[in-house]
């Protein structure tokens with residue numbers, strides 16, 4: 063019974079040994095597989111990072127160019143900053159070397175870790191082999207020990223058998239057979255165990271040799287890969303350096319050529335801008351000096367140059383907008399110069415063009431309105447003033463001038479409203495008070511008119527027109543001496559005020575200073591102020607002096623100088639004089655066939 067227990071223990075121990083061996087071998091194989099995958103993954107990741115860094119270095123090799131252009135009407139400043147130098151190449155090389163070293167370090171670390179892990183598992187495998195060897199020896203010793211105990215037990219049985227020969231004689235043969243069988247089975251088990259152990263150790267040696275061969279092969283392949291990568295990297299670095307050098311030289315040349323071209327264009331543009339600016343300055347100076355022909359010539363040059371420049375730029379560009387503004391200013395200012403030369407129709411053409419270029423310019427509508435007023439196109443002038451006010455409702459000059467036109471059209475109430483608005487926008491505008499006073503004078507509000515003239519003079523003591531108009535109001539009130547003082551002041555402030563001379567002559571007529579009056583009328587004629595009126599007034603003075611023939615001649619000259627519209631009014635004045643027995647007037651009516 064004890065022998066069977068020994069056999070069972072032997073079988074159980076053998077199974078446990080085999081199971082432990084298989085588990086250890088499976089664990090080793092799995093760890094070896096995972097380790098191989100880990101090395102491959104880390105190797106691929108190192109190469110991927112190296113490739114990514116190389117691409118990043120190349121893509122980050124840039125050239126910075128900053129060109130700042132500041133333009134003004136007179137000057138243009140150019141600031142160019144161009145950076146592409148040795149610094150970029152050095153940075154490129156330094157960064158590339160760092161990444162190469164990082165790759166080498168990663169490879170070395172992978173190799174070291176791989177060798178360390180492999181060494182650890184080879185050592186672990188060796189320990190397992192030793193453990194299994196000692197385990198086999200231990201099992202054998204146990205078997206031998208148990209066999210000895212069995213032999214002792216048999217000997218004891220023999221002693222018992224000798225003591226009981228008679229009783230167990232029939233069992234001796236069975237015992238001997240059993241002993242033989244036990245010995246045979248034991249030897250067989252020992253042989254089988256030794257055979258299995260040797261086979262296991264042989265398989266372990268084969269696996270170990272196979273693993274070592276695989277590792278050596280992997281080392282060779284790895285070294286070959288490293289060498290290949292190094293060669294490719296060196297070639298890639300060389301190619302990149304050569305390509306970078308070539309592209310850098312080409313780029314530098316391209317940028318240099320482009321910079322020179324742009325600089326030349328900027329210089330030419332700057333020269334043109336300077337020339338245009340100088341022409342504007344010369345034109346402004348000529349305007350200030352009242353050399354309007356010169357100013358027109360300068361504006362002609364500006365228009366011609368700008369016309370050519372506009373063809374070179376896109377309509378949506380900043381340059382086009384700038385030159386178009388110059389274009390507009392030149393046409394507008396040339397129109398003003400022509401206006402000052404009384405070339406009203408030509409001036410209107412320029413203002414038309416200026417409005418076409420800048421439809422939102424209130425000033426140009428204002429200028430064209432003044433020009434149309436000079437051509438006695440009163441209603442058209444009002445339309446321009448209306449548009450100017452629409453674009454700029456706060457321009458008091460426009461309200462003032464529109465009031466003048468309305469007064470000439472006998473729209474006195476509307477005219478006064480415009481003058482009121484002008485005064486509201488600028489309470490210190492002397493001209494607005496003066497013009498409102500003139501309108502009130504036309505309405506017969508002489509005393510109210512004088513108040514406006516007083517205010518105009520208060521705001522501008524040098525306003526010759528206000529003194530002249532106040533003199534007219536005083537004339538109508540019969541204040542001839544006071545009126546004469548105002549006319550004297552007006553003439554003193556403006557010796558070329560023909561209207562003041564004419565009005566002072568009228569005051570002197572009322573004061574019966576006919577000879578002095580004739581001198582004033584002659585001066586008014588000399589200054590070319592409404593000559594037909596001045597001749598008419600001078601004829602009256604001569605009539606009072608009894609110089610009827612001379613009076614007749616003056617009346618005729620005045621009539622001949624009057625325009626078609628004024629002739630009818632002039633005719634009525636002569637008829638009125640004839641009704642008052644003026645001999646010169648009667649003579650004219652008789653010759654002309656005018657009924658009186």
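Residue numbers (our numbering): 63 to 658.
Here a beta-carbon is modelled for each residue, glycine too, at the ideal position from N, C-alpha and C.
Here residue 446 is not near residue 464, since their CB atoms are 7 Å or more apart. Residue 466 and residue 395 have their C-alpha atoms roughly 23 Å apart. In the pairwise beta carbon analysis, the stretch 395-407 is classified as not touching the stretch 369-378: fewer than three pairs are separated by under 8 Å. Residue 484: member of the alpha helix (DSSP H) spanning 474-487, first to last residue. Comparing C-alpha distances from residue 389 to each of 551, 369 and 491 shows the shortest one belongs to 369. In the structure shown, residue 349 falls within a helical segment according to DSSP collapsed to helix, strand and coil.
In this structure residue 599 touches residue 568 by the C-beta definition: roughly 6 Å separates them, less than 8 Å. Between the alpha carbons of residue 658 and residue 592 lies a gap of roughly 26 Å. Here the alpha carbon of residue 640 sits roughly 10 Å from the alpha carbon of residue 656.
By the C-beta density criterion, residue 497 is buried, having at least 16 other C-beta atoms within 10 angstroms. Counting the other Cβ atoms within 10 Å of the Cβ of residue 542 gives 16 or more, which makes it buried.
Residue 576 places its beta carbon less than 7 Å from that of residue 603.
The residue from 308, 83, 398 and 435 with its alpha-carbon nearest to that of residue 265 is 83.
Using a Cβ distance threshold of 7 Å, residue 650 and residue 636 count as a contacting pair.
Nearest to residue 533 by C-alpha distance, out of 548, 272, 482 and 193, is 548. Inclusion of residue 526 and residue 545 in the CB contact set at 7 Å is not warranted, their separation being larger than that value. Contact check for residue 339 against residue 360 fails: the beta carbons are separated by 7 Å or more.
By a beta-carbon distance limit of 8 Å, residue 579 does not contact residue 610. Their separation comes to about 17 Å. The distance from the Cβ of residue 477 to that of residue 483 is about 11 Å, inconsistent with a contact at the 8 Å cut-off.
When DSSP states are grouped into helix, strand and coil, residue 506 belongs to the coil group.
Under the DSSP assignment, residue 491 falls outside any alpha helix (DSSP H); it carries neither an H nor an E label.
When the five nearest sequence neighbours on each side are left out, the beta carbons in the same chain lying within less than 6 Å of the beta carbon of residue 500 are those of 531, in order along the chain.
The three-state reading of DSSP puts residue 339 in helix, counting H, G and I together.
Our two residues, residue 601 and residue 410, have alpha carbons roughly 39 Å apart in a direct line.
When the five nearest sequence neighbours on each side are left out, the beta carbons in the same chain lying within less than 7 Å of the beta carbon of residue 561 are those of 530 and 591, in order along the chain. Put simply, of 332, 115, 502 and 520 the residue whose alpha carbon is nearest the alpha carbon of residue 489 is 520. Between residue 392 and residue 417, the CB-CB gap reaches or exceeds 7 Å. Non-local C-beta neighbours of residue 436 in its own chain, meaning closer than 8 Å and more than five positions away in sequence, comprise 401, 404 and 406, ordered along the chain. The three-state secondary structure of residue 414, taken from DSSP, is helix.
Residue 480 sits close to residue 461, with the two beta carbons spaced by under 7 Å. If you ignore the 5 residues before and after residue 515, its C-beta comes within less than 6 Å of the C-beta of 499, 528, 531 and 532, all in its own chain and listed in chain order. In this structure, the CA atom of residue 644 is about 18 Å from the CA atom of residue 596. In the three-state scheme derived from DSSP, where H, G and I count as helix and E and B as strand, residue 642 is classed as coil.
It is roughly 18 Å from the alpha-carbon of residue 223 to the alpha-carbon of residue 211. In the DSSP assignment, residue 578 falls within the alpha helix (DSSP H) that extends over 576-588.
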